[in-house]
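Residue numbers (my numbering): 1196 to 1777. Note that beta-carbon positions come from the ideal geometry of N, C-alpha and C, so glycine has one too. I have placed the structure first, in the form of structure tokens, so that the comments after it can refer back to it.
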Amino acid sequence: MDREVTPRIGTEDASERRLERLARLARHAGEVAVAEEARALSERVREGLFYVACVGQFKRGKSTLINALVGIPVLPAGVVPVTAVVTVVRYGRHPSARVRLADGGWSAIALDRLADFVSEERNPGNRKGVTAVEVFVPSPLLASGMCLVDTPGIGSVFGDNTEATRSFVPHVDAALVVLGADPPISGEELELVREIAARCHQLLFALNKADKISGPELGDADRFTRRILEERLGLRDVRLFEVSAKERLSGDAGPERGWPALVEALDSLARRSGSDLVRAAEERGLEHLADRLRRHLDERRAALCRPVEESERRIEELRRCVEQARLALADLDYLFAAEQDRLARAFAELKERFLRDTRAKARAELLDALRAHPARRGPALRRAAVRLALEIATRRLDAWLREVEPASRELYVRAMDRFVELANGFLERLRSSGTPGLEGLPSSVPPETGFRWDSRLFYKDLFRATGEGPFTWLIDRLRTRRSSLAACGEAASRYLQLLIETNATRIENDLNERVLESRRRFAYELRALLDDLVASASRSAEHARSVQARGRAAVAQELEHLDALAAQLDDLEITGTRDTSA
């Protein structure tokens, strides 16, 4: 197998030494996981590798797209959700693969056995404990250090798949978001793009399976996707490429569409930005790992300075506090169920008021626009009527959404005021109970200022409800201008009302979902806060117990050792690791 196969992109020896020193410090501190991650990152930097993750909803064709880009069908693909484990495809002189399991190191495998480790069918829920998979291919596209990463699809019926993709997001240096031409971008995909865009600025979009729909429909899908990305996420100059990975991989002589431009964009990314992405990954990893190590050192030092009995009492008290918190939060769940019903009724009233005010006005606007349209009659007039209905519905729904969003947010904030007050009362009782170690609790929970859960709304266009067909097309050809206006106007009006009512309900449902998920996150953060305190205290107490059993001299020596490690960590001068609050 080829391991040292990627030409090194210029990296600084000093930076590599910082990673090696951090790994050594972590090993001396007993933080094996941090040491291993630092070592792996150092190897990645040394080889000049950066990750371009292919992400998107399941069955968008991510695996097939990577196969087409590297020119070899190395990744398994199929008609059901296939990929279950994150798989890195990198440069190698000969096609090969290797896997690493949780209980061991790297092992070479035959390419035809890859599906045994990465597919949901042969490794359901990753029962084999695969922690990493690498595939080596002699692709010129990857020769300068770019690695294409195949990720499990979000929204799959297999819940672990979504988590595997999201857990990989912090390692992403650039992203190729694989969307579909039919159906268009989903709310869940939009949320993933938002999460990735917050971490990296190099985003490419592939509108895959472009061979499945006609040219005009593909153009509509392209414009719709660009508009959604620009309006919902604020992205500008969206690089979106219409492609068919299946055609490219099979060698079909179909139209190239955006394929050459996509390959050129990836190649340009590697040539112009590859070294910058490697350095950014290095600095990001250094900061993250140093923060973890510093927290570990602080926990161990505090535990050594307390008597063993006090640490044990602290852990027991903390465990009781967690149980009390769970009971209190369960009570809040019952209280909030009633509040959720009240908010749902309020959102329903807002929707009904909007529909009463909009139905007649939207219909009149549509008929006026249709009479003024240059298309005289026939199928052209009917298509124009459908487009006008869609534009009017979208414009009016967007206007209502801008109006109802702040009002709904205010309703949620007012509803949560009571629960924030109850949570603060609970925290105050804990802090004043005299339980050692609760100094890590915040003095209060900040008031809610808005939804904690982003909107996943997208409108449905309901094109199948337009009623067009061969018979309608024939009749339209025979109608007069006046008859065409009447028939098309009536059909388009029905379509317009359906669009408005259906998507107003989607807005209403989206608001209800945001209230529910925001409240769940609020409760989760309180639980996680206390759970982290217990876990941290338990690890540190166990270490302190073993040291204190050897006597005062051993404790003094260990404290000196921890102080020395902390000083060496400071000497690394890693941005973001120092506490400047004092």
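_Pairwise C-alpha distance: R1434 and G1410_ = Their Cα atoms are separated by approximately 19 Å.
*Using a threshold of 8 Å, state whether the C-beta atoms of L1387 and V1250 are closer than that.*
A distance below 8 Å separates the beta carbons of L1387 and V1250.
*By how many angstroms is the C-alpha of L1424 removed from the C-alpha of R1389?*
Rounded to the nearest angstrom, the two C-alpha atoms are 9 Å apart.
_Buried/exposed call for C1500, threshold 16 Cβ in 10 Å_ = Looking at its Cβ environment, which holds fewer than 16 other Cβ atoms inside 10 Å, C1500 is exposed.
_Range covered by the beta strand (DSSP E) that runs through V1372_ = Unbroken beta strand (DSSP E) run through V1372: A1369 to G1375.
_Spatial neighbours of V1283 within its chain, please: C-beta separation below 6 Å, excluding the five flanking residues on both sides._
Excluding five sequence positions before and after V1283, the CB atoms of its chain that fall closer than 6 Å to its own CB belong to E1329, C1342 and V1344, given in chain order.
*Applying the criterion that 16 or more other CB atoms from any shown protein chain within 10 Å of the CB defines a buried residue, is A1703 buried or exposed?*
Before going further, note that residue 1703 is Glu rather than Ala in the sequence given. Residue burial is scored here from C-beta neighbours: E1703 has at least 16 other C-beta atoms within 10 angstroms and is therefore classed as buried.
_Considering just the uninterrupted stretch of the alpha helix (DSSP H) at A1759, what are its terminal residues?_
From DSSP, the alpha helix (DSSP H) with A1759 extends over R1747 to D1766.
_CA-to-CA distance, A1476 to Q1763, given in whole angstroms_ = Cα to Cα, the separation comes out at about 22 Å.
*By how many angstroms is the C-alpha of L1583 removed from the C-alpha of K1323?*
Linking K1323 to L1583 through their CA atoms gives a straight-line distance of about 54 Å.
_Classify L1371: buried if its beta carbon has 16 or more other beta carbons within 10 angstroms, exposed otherwise._
Under this definition L1371 is a buried residue.
*asked:* Taking 7 Å as the limit between beta carbons, can you name the residues of its chain near L1606, skipping five residues before and five after?
replied: Counting only Cβ-Cβ distances below 7 Å, and skipping sequence neighbours, we find L1538 and A1541.
*The alpha helix (DSSP H) with R1474 in it runs from where to where?*
Per DSSP, the continuous alpha helix (DSSP H) segment holding R1474 begins and ends at W1454 to L1499.
*At what residue ranges does the region 1383 to 1446 contain a whole run of the alpha helix (DSSP H), taking only runs of 4 or more?*
Runs found: 1410 to 1428 and 1440 to 1445.
*Measure the C-alpha to C-alpha separation of E1384 and A1401 and round it to an integer number of angstroms.*
Rounded to whole angstroms, E1384 to A1401 spans 13 Å at the Cα level.
*Note down the Cα distance separating H1568 from A1559, rounded to an integer number of angstroms.*
Straight through space, the alpha carbons of A1559 and H1568 are spaced by roughly 14 Å.
*Just curious, the alpha helix (DSSP H) that E1232 is in, first and last residue?*
Per DSSP, E1232 belongs to the alpha helix (DSSP H) from V1227 to R1241.
*Which two residues bound the contiguous beta strand (DSSP E) that contains T1346?*
Segment: none, T1346 is in no beta strand (DSSP E) and carries neither H nor E.
*How would you label P1347, buried or exposed, when you count the other beta carbons within 10 angstroms and need 16 or more for buried?*
Per the 10 Å Cβ criterion, buried.
*How about A1297 and T1326: are their beta carbons less than 8 Å apart?*
Yes; because the gap between Cβ atoms is below 8 Å, this pair is in contact.
*asked:* Could you tell me the alpha carbon to alpha carbon distance between R1490 and A1498, rounded to whole angstroms?
replied: Distance between the alpha carbons of R1490 and A1498 is about 12 Å.
*Grouping DSSP H, G and I as helix and E and B as strand, with all else coil, what is I1338?*
In the sequence as presented, Ile is not what sits at residue 1338; that position holds Ala. Three-state DSSP puts A1338 in coil, outside helix and strand.
*Reference A1532, options L1472, H1756, E1708 and R1554, closest by Cα*: Out of L1472, H1756, E1708 and R1554, the CA that lies nearest to the CA of A1532 is found in E1708.
*In the DSSP assignment, find the alpha helix (DSSP H) that holds F1245 and state where it starts and stops.*
Not the alpha helix (DSSP H): F1245 falls in the beta strand (DSSP E), residues F1245 to V1250.
*With respect to the beta strand (DSSP E) encompassing V1269, which residues constitute its N-terminal and C-terminal limits?*
Following the DSSP letters along the chain, one finds V1269 in no beta strand (DSSP E), marked with neither H nor E.
*Which word fits Y1246, buried or exposed, when buried means at least 16 other C-beta atoms lie within 10 angstroms of its C-beta?*
Answer is buried; the Cβ neighbour count reaches 16.
_G1300, buried or exposed, once every other Cβ within 10 Å from all chains shown has been counted against 16_ = The C-beta of G1300 has fewer than 16 other C-beta atoms within 10 Å across all chains shown, which makes the residue exposed.
*Using CA coordinates, which residue listed in L1488, D1563, A1618 and L1550 is at the minimum distance from R1591?*
Checking every option, the nearest Cα to that of R1591 belongs to L1550.
*For E1316, the three-state DSSP class (helix, strand or coil)*: Coil.
_Every unbroken beta strand (DSSP E) inside the region 1276 to 1312 [3 residues or more]_ = Unbroken beta strand (DSSP E) stretches of 3 residues or longer found wholly inside the region 1276 to 1312: 1282 to 1286, 1291 to 1296 and 1301 to 1304, given in chain order.
_Measuring only the C-alpha atoms, how far is P1271 from D1311?_
P1271 and D1311 have their C-alpha atoms spaced approximately 10 Å apart.
*Determine the contact status of R1439 and A1405, defining contact as a CB-CB distance below 8 Å.*
What sits at residue 1439 in the sequence shown is Ser, not Arg. The answer is yes: Cβ separation under 8 Å.
*Taking only the alpha-carbon atoms, compute the straight-line gap between F1666 and A1687 and give it to the nearest angstrom.*
Because F1666 sits at a pLDDT of 49, beneath the cut-off of 50, its placement in the model cannot be relied upon, and the point is left open.
*asked:* Assuming contact is defined by CB atoms lying nearer than 8 Å, are L1488 and L1220 in contact in what I supplied?
replied: Yes; because the gap between Cβ atoms is below 8 Å, this pair is in contact.
*Can you tell which of D1593, L1492 and R1740 has the C-alpha that lies nearest to the C-alpha of R1701?*
Among D1593, L1492 and R1740, the Cα nearest to that of R1701 is on D1593.
*What do you get for D1765, buried or exposed, if any count of 16 or more other CB atoms within 10 angstroms of its CB means buried?*
D1765 is exposed by the Cβ-count criterion.
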